[in-house]
Every structure is written in C-alpha cells, then in structure tokens.
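*Asks:* Numbering (my numbering), first residue to last: 3 to 769.
The following block contains the structure:
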C-alpha cells in the first residue's frame, strides 16, 4: 500500500518532468552551447573483459553462525561476487552471493557497526558484558552496512589486506552509487528532477544521502524512508529476546521488507518508463514543429515570474547566501584540488617508473607488459586510494547545518568519480599517442625520449582539463548547497502565489513548460552571478592551479580526437608475440586483473589451511550438519583454521546448502536471462545446489598439476593470450549493479533459458 501510494505521487512528478526534459534535450540539440572542448581523449569501454580484483576472505554466515572462507571476484561492473572457493570459480560453478553495494557503507571496526545498529533500533542496546550482535575472530573486520538491506560481515588476517579490500569495497560502493547513466539525456534528468520535486512536496529540501544506485533502488529508498519509521514503531516493541537477538531480527525484517518494496518498485517504474517512451515520438514531433513558439512562451512566463520573485530572492541571497559563498568554495577547493594534484602525481610517477624500467630491463617487450598495467591505472582502487583520501578531508563544519546539508558524502563521491575519469582520460591519451609513435622509433633510447616527451604533452592537457572539470564541479556543488536553502526560505512567501502564473501557458505547450521549474530557474539565476564571480576570482588568483576562463586551448592537437575514434589498443596482441595456447581453466585463473594479489614476500596467508582450493571434484560422503553455535563461537584464528580444515572436505562435495546466501528469495522463480553458456551436465551425486541455482555450467577439465601458492600468490600477467573461440569465463550480468550497459561480447555459443546467466539475472534485484 505504501509503495503504491509513493509511486503514484512520483509517477505524476515523473510524467511532468519527462516532457520538460525532452524539450530541454531537443533545444540543446538544436542550439548547441557546449562548454570548452576537452583536450584529453575519452575511452569508450574502459574495463571490458577485465576483473578488478579477486582473492580470499572470511564471510560470516548468519544462518549457521559460522565464518566461512570465500573467494571474492569483483568484475568490471563492480558487483561483489562470492564463490565457495577458488576452484568453484575456475570450474564456472554458480556463485554463492551477488552483492550490489549501492547505498552501503564500508566499516572497518565492529564498534562503528554496533553504533549504527543501535541507532537503527532506538531503545535496544546490549548491556555491558552481553554478547554483541557480531564478534569478529580477527582484528581486521570489513562490514557492509545498509540502512534498509541486509548486512554483510567479512574479515581478513592482516592490516594490509584490510586496507586493500577496504579500497576495493569503497570503489564498488562509489561506482554502484553512481548508478544513473549520464548518457540518457531525457530519462536521467527527468528522474532526478522528479525525485527532487517529490521530496520538496514533503518539505524535504537539501541533499539526500540515499540518492544512490539505479532508479529502482532510489525509489525503494524513497519508499523505505517513509515506511521504516512506521514499521519500527509497530514492530519494535514486539521484538522478543535479548538486545542482540532483537537487533538481528530487526535487520532481517527490514531486509525482507526492502526486497518486497524493490520488486514492486521495479515493476511499477518499468511500466511508467515504457508508457512515457511510447508517448515520446508524438511529444518530440510537437516540440520540433513548435520549438520557437515554446521558447517564446517560456520566456514570457519567465519574465512574469522573475518580476514577482527576483526582488525577494535577491534580498535573501544578499543576507543569507552571499557572505558564505567564498567560505564554501574554499572548503571545497582545498581537498578537491589536492586530490586532482595527487592524480597528476600518481600518473607522472607510474609513467616515469615505467620509463626507467624500460631503460634498465630492455625494450618493447617490457613496454607491452607495463602498458597493459598502466592502461587500467584509473581502476586500480589501491593506487588511486591516495587520491581519493584527499577528498575525505572535506568538511563544511558550521556551513553544513546552516544550509541543511545532511552529509558531504555526495560531494566527496562526485569529486572522486571525476578524479578517476580524469586519470583514465590521461592514461588513454598517453597510450594513444605512444602507440602512434611506436612505428617511427629507432631503439631503446628513442623510445624513452618519446615517452618523456608524450608525458609532458599529456600533463599539459591534464592541467587544462582538470581545471575545467574542477570549476564545473565547484559551481554545481555551490548550487546544490544554496538552491535548496533558498527555495526553503522563499517557500512561505512565493510558493502559494505560483498557481496564478499557470494561465500564461498555452494548453498545447503545458507538457513542456512548468511553472514550478521556471520558478526554480529564476531562483537559480538570482545566485548564479555570485557563484560564477567567486569561481572566476579564484581562477584569476591562480588558487589551486585553476586556469582563467579566458585561457582556452583551441584544437592544440587537431588530429588527436580522430585517433581516439579508432579500435581500442591491445598491447599484448599487437606486440606481445603469440605464446602457446593454454587450457581454459588456466586462462580463467590468469584472467586480466587490474589489482594484483598480495605477493609472496608479504607473508603467506593461512586461507588455504583447509586446502579448499585444491580438492578434486570427488570427495567423501557429506557429514551431518553441525548444530548451530552462538555467534562468535570461533574465538580465534586457530579455531577458524581447524574449522576450515574440517570444512574443506565437506564443502567441495556440496555440504550444507546455504540457501539465503544467494541474493534470491527462497522459491523465487528465475526468469529467462541472457544466453551465454551451454547447459551443464547434472552435478555430482551428493552435491547441493543453492536455492534458485538449479543448473550448473559445464565442468571444466581440472587444471594441469602445478604448485599452489597461498591465496594472494602471483600477480596476474596481462600478457596472457586471448581465450580461443568457444571458451568463456563466467562474467556476472551487468544488471548486478543495476547498470544499463552493453553486454560484453560472448565467445561461447547461445544457450537455452534457465542457465547460469538466467540465475544471475534472477538475483540481480537483491542487495
């Protein structure tokens, strides 16, 4: 009932905003008005067929209250995919868990987690000395916390691992939070404006932390924001048991409700979008036919609203906003510019180190190896962490309360995404220019000189582009902070009078011109001049390496953008020779990976104590399931190792089916998904299939015998040859993170519905 009510009101807002967004898109297409041309090239498909990271870590299984060793893979779409063990991944068995991390927080201490859990259910706090909701057997936990969905508990053995996994998890959250594609010039702005208008109709102004994920996730958060307090007051007093048990029960209830809300929201939103898309051709035809009249009508309306609103708005800006603009800008500029300077430094260091290594170790072969690594530098969470950390220093202090900014995380993540994009643009421009030069070079000395010369060219382009990106970011952030504040201040005197302006809009144009939107544009104009002036002054003073607006680089490399339109460069294929073919299982193990695993000299990890990853497909009969034990009963690392040793034999055969580990609801039907893998033979006798995962991939032949290093063993070499036709690694569906991106080219024949890709699609709606 609550979902239907919220979605009904949202649908009204969305239909109104859809027409406005469509008009703005057509007008922009006709009139142009783009900003400065970027000097760096932009890569179209940055991470195709790559894995960000993979490795072992412990996961706490709530159903049997035990810690289990899991092999975690982070594919190119940043979904977290957990397998039983490394062997299960290599044999292309279905994953245990698929996690969409949008809306989650990454916590590195149990204390932080317990504080958040206690605040989510007021009045329920464990007494001192009582068992907590979760006990971590090591000193290095990693917890994914969500205000509505289920929580995930992990731990690792060393601080270095915790840092690395923490950086990887943060990157996943950052990417998944940015789930609305900016390529959509109509649907995306219509959706975000509709959410904003809906919240403003409930007197909720200012930034919103849960505007993260794809559209269905954001709408689910919108429903839960209203529904959860009612649920808490109705159910909270009825929860039984000690405080930890009540907290655990509440988390499960909240998660179950969130899943139901999500399913309903997704169906209703998809129907809404389909309806608007069906009406789009007729609307667009009207816009293109009458665009001049629509613009004239809007300008007339705008002049009338401006005469009424602007005097009040200017007084409000002068008294409540203008004195603080410079302080807000300075607070934003310092950490942001430090972060972009760190991006420049990391890029310079990586290229310089590569150049020195080529001098010392020899020519083109080493260049291929290093360029394969450099090409994905922007997506290396550990190397980029020093850049992202600079932005974590952002604090608005007293300004945050004054302007009703609930959290600075919105600005931090936006700046961090800009940093990653600028790094990738710099790397792609560098490798494109170097690739063009390779045919002209004579010997190692020429190569090194050319690398240095190209590096200097790219850094100049980076300085210009980063200045442009930062200035745009500062302007947008200042508007995002001040406009909601102004709207809230002006609402008592202006909002009620807006209805009288409706009669100024022709009925034929009412779908493309809204009084509410025009009013907000007038308020924006009242403060925009001061914001533009503040950013301009900062650039004139050369603060934080910002360029003046008058400094424009026009086509300094007229042919460079033509190079960027070519086929993506494959360094290994073009310059790495033709190594011998290797078994499919070895290719899967050596899949190109952006982040290297921990090296042997960093200390062997005891993950493989149970030899889980080395077990053959056949194993003894499964034993009876052990009785559940209280949480945290494995009191230390030694007990984990013993448990894993016992578990290794048990779980290779299938063991206990942990049904709730998959992100599918029990008994949920699995829709037909994408075709990508041939159907598999039935599993070995005694093997247990997780709920919803009733079909397996073909069992790959066991890999050739070789020494098994600890789980953080060898770095994946990017020079591994491409997979021959007919072999395919399991790549989780792009929908795991709610993205709408083109599916990677599959190299295996089509399969009937109901196979692994179907399973992935069937669980992608969960978190």
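Ideal Cβ positions, reconstructed from N, Cα and C, are used throughout, including at glycine.
Compute the Euclidean distance between the alpha carbons of residue 1 and residue 135, then round it to the nearest angstrom.
*Replies:* In the structure as shown, the chain starts at 3 and stops at 769, and residue 1 therefore has no counterpart that could be examined.
*Asks:* So who's on the other strand from residue 550, going by DSSP bridges?
*Replies:* Note: residue 550 sits in no beta bridge, so no partner.
*Asks:* For the structure I just gave you, are there three or more beta carbon pairs, one from the segment 69 to 78 and one from the segment 41 to 60, closer than 8 Å?
*Replies:* yes
*Asks:* What's the gap between the Cα of residue 297 and the Cα of residue 51?
*Replies:* 46 Å
*Asks:* Should the segment 387 to 405 be regarded as contacting the segment 339 to 358, the criterion being three or more beta carbon pairs within less than 8 Å?
*Replies:* yes
*Asks:* When burial is assigned at 16 or more other CB atoms within 10 Å of the CB, is residue 21 buried or exposed?
*Replies:* buried
*Asks:* By how many angstroms is the C-alpha of residue 276 removed from the C-alpha of residue 150?
*Replies:* 28 Å
*Asks:* By Cβ distance below 8 Å, which residues in the same chain neighbour residue 491 in space, the five residues on each side in sequence not counted?
*Replies:* 318 and 322
*Asks:* Along the alpha helix (DSSP H) that carries residue 170, what are the first and last residues, could you check?
*Replies:* Residue 170: member of the alpha helix (DSSP H) spanning 161 to 179, first to last residue.
*Asks:* Compare the C-alpha of residue 344 against each of 495, 425 and 172 and name the closest.
*Replies:* Of the listed residues, the one whose Cα sits closest to residue 344 is 425.
*Asks:* Here's the rule: buried if 16 or more other CB atoms are within 10 angstroms of the residue's CB, otherwise exposed. What is residue 121?
*Replies:* exposed
*Asks:* Use the C-beta contact count for residue 273: other C-beta atoms within 10 angstroms, 16 or more gives buried, fewer gives exposed.
*Replies:* Here residue 273 is exposed: its Cβ has fewer than 16 other Cβ atoms, across all protein chains shown, within 10 Å.
*Asks:* Check the C-beta distance from residue 385 over to residue 348 and give it rounded, since I have them as a contact under 8 Å.
*Replies:* 6 Å
*Asks:* Along the beta strand (DSSP E) that carries residue 144, what are the first and last residues, could you check?
*Replies:* 143 to 147
*Asks:* Return helix, strand or coil for residue 157, following the three-state DSSP convention.
*Replies:* Three-state result, residue 157: strand.
*Asks:* Is residue 144 closer than 9 Å to residue 114 when the C-beta atoms are compared?
*Replies:* no
*Asks:* Since residue 107 is in the beta strand (DSSP E), which residue starts that stretch and which ends it?
*Replies:* 107 to 109
*Asks:* Taking the alpha helix (DSSP H) that residue 278 belongs to, which residues open and close that run?
*Replies:* 245 to 318
*Asks:* Got a sec? Which residues, its chain only, sit under 7 Å from residue 176 by beta carbon, not counting five neighbours each side?
*Replies:* 415, 418 and 419
*Asks:* Sorted by chain position, which residues of the same chain lie with C-beta nearer than 8 Å to residue 388's C-beta, five sequence neighbours on each side aside?
*Replies:* 344 and 348
*Asks:* Between residue 269 and the rest of its own chain, which residues show a CB-CB distance below 7 Å, the 5 nearest in sequence each way excluded?
*Replies:* none
*Asks:* Let me make sure I understand the geometry here. Which of 24, 526, 480 and 470 has the alpha-carbon closest to that of residue 541?
*Replies:* 470
*Asks:* What are the boundary residues of the beta strand (DSSP E) that residue 56 is part of?
*Replies:* The continuous beta strand (DSSP E) containing residue 56 extends over residues 53 to 63.
*Asks:* Please go through the same chain and pick out, in chain order, the residues whose beta-carbon is closer than 7 Å to the beta-carbon of residue 109, but skip the five residues on each side of it.
*Replies:* 115, 145 and 147
*Asks:* Out of curiosity, what's the CA-to-CA distance linking residue 238 and residue 82?
*Replies:* 32 Å
*Asks:* Taking three-plus beta-carbon pairs below 8 Å as touching, is the segment 209 to 217 in contact with the segment 449 to 466?
*Replies:* The segment 449 to 466 and the segment 209 to 217 do not touch, with fewer than three beta-carbon pairs separated by less than 8 Å.
*Asks:* Give the secondary structure of residue 112 by DSSP, where H, G and I count as helix, E and B as strand, and everything else as coil.
*Replies:* Residue state, collapsed to three classes: helix.
*Asks:* Over what stretch of residues does the alpha helix (DSSP H) that includes residue 346 continue unbroken?
*Replies:* 324 to 363
*Asks:* Does DSSP classify residue 135 as helix, strand or coil?
*Replies:* Three-state DSSP puts residue 135 in coil, outside helix and strand.
*Asks:* If you count every other CB in all the chains shown that lies within 10 Å of the CB of residue 19, and 16 or more means buried, which is it?
*Replies:* Counting Cβ neighbours within 10 Å, residue 19 comes out buried, since at least 16 surround it.
*Asks:* Counting only the same chain and skipping the five closest in sequence on each side, list residues whose C-beta sits under 6 Å from that of residue 15.
*Replies:* Excluding positions up to five away in sequence, the list reads 196, 199 and 200.
*Asks:* Using the DSSP secondary-structure output, state which residues sit across from residue 1 in a beta bridge.
*Replies:* In the structure as shown, the chain begins at 3 and stops at 769. Residue 1 is therefore absent and cannot be evaluated.
*Asks:* Would you identify the three-state DSSP class for residue 66, choosing helix, strand or coil?
*Replies:* coil
*Asks:* Taking only three categories from DSSP, how would you classify residue 71?
*Replies:* strand
*Asks:* With a 10 Å radius around its C-beta and 16 neighbouring C-beta atoms as the bar for buried, classify residue 30 as buried or exposed.
*Replies:* Answer is exposed; the Cβ neighbour count stays below 16.
*Asks:* Nearest by alpha-carbon distance to residue 484: which of 267, 508 and 529 is it?
*Replies:* 529
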